[in-house]
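**Student:** Per the numbering used here, the sequence shown starts with residue 600, numbered consecutively.
Below are the structure tokens for one structure; questions will follow.
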Amino acid sequence: MKRVVNCRCIQRVVLSAIGWIDWAFSLLLRVVGPVLVVLANSLIALVSVQWIFGLAPVYVTAPYGVVASGLVHAFGIYLLLNILFNYWGCLLTRPGFPGDHLAAVEAAAERATRDS
């Protein structure tokens with residue numbers, strides 16, 4: 600009977616430790632999360648500025664001409680805006696709620712399977 604009591608005591612200690620670790624990790628993520636968002640945006644901005652003002656004028660303009668250089672710059676800006684849009688879209692979407700537009704897709708899929 601004494602061994603069962605020890606197991607329950609160990610179980611309570613382990614569950615309490617898991618609770619404290621979960622609390623500490625949640626607090627750490629709440630503190631570090633905004634810092635990582637700023638760091639990611641800073642890195643994206645640094646790479647973009649280096650490409651637009653440092654590498655592209657040297658490596659793109661000379662061999663291919665002005666029109667091709669403009670197209671490469673436009674495509675680079677498109678990719679930059681796409682990266683930022685998707686990154687901020689992921690940041691602002693709550694977990695478990697991908698968007699309202701999926702309801703129409705699911706309804707259409709359900710109608711298609713029902714009609715088949």
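Where a beta carbon is used, it is the ideal one built from N, C-alpha and C, also for glycine.
Would the region 649-658 count as touching the region 672-681 if we require 3 or more Cβ pairs under 8 Å?
**Tutor:** Result yes; three or more Cβ-Cβ pairs closer than 8 Å.
**Student:** Among Glu709, Asn681, Val612, Gly669, which has the Cα closest to the Cα of Pro656?
**Tutor:** Along the sequence shown, read from residue 1 onward, the residue named residue 656 stands at position 57. Looking at the Cα atoms, Gly669 is the closest of the given residues.
**Student:** Please state whether the Cβ-Cβ distance between Leu683 and Ile620 is less than 8 Å.
**Tutor:** Counted from its first residue, the sequence shown places residue 683 at position 84. Counted from its first residue, the sequence shown places residue 620 at position 21. It is not a contact, given that the beta carbons lie outside the stated cut-off.
**Student:** What is the DSSP secondary structure of Pro656, counted as helix, strand or coil?
**Tutor:** Indexing the sequence shown from 1 puts residue 656 at position 57. DSSP places Pro656 in helix when its eight states are reduced to three.
**Student:** So what does DSSP say about Thr712, is it helix, strand or coil?
**Tutor:** The residue given as residue 712 occupies position 113 in the sequence shown. Helix at Thr712.
**Student:** Pull up the CB-CB distance for Leu690 and Val636, whole angstroms please, since I reckon it's below 8 Å.
**Tutor:** Here residue 690 corresponds to residue number 91 of the sequence shown, with the count starting at 1. Here residue 636 corresponds to residue number 37 of the sequence shown, with the count starting at 1. Going by Cβ atoms, the distance from Leu690 to Val636 rounds to 7 Å, so yes, they are a contact pair.
**Student:** Taking Ala616 and Tyr686 to be in contact with their CB atoms under 8 Å, please state how far apart those CB atoms are, rounded to whole angstroms.
**Tutor:** If you number the sequence shown from 1, residue 616 lands on position 17. If you number the sequence shown from 1, residue 686 lands on position 87. Actually they do not touch by this definition, with Cβ atoms about 36 Å apart.
**Student:** How would you call Val659, buried or exposed, if buried means at least 16 neighbouring beta carbons within 10 angstroms?
**Tutor:** Working through the sequence shown from its first residue, we reach residue 659 at position 60. The residue is buried, with at least 16 neighbouring Cβ atoms inside 10 Å.
**Student:** Where Leu679 and Ala667 are concerned, what is the direct C-alpha to C-alpha distance, given to the nearest angstrom?
**Tutor:** Numbered from 1 along the sequence shown, position 80 holds the residue referred to as residue 679. Numbered from 1 along the sequence shown, position 68 holds the residue referred to as residue 667. When rounded, the distance between both Cα atoms is 18 Å.
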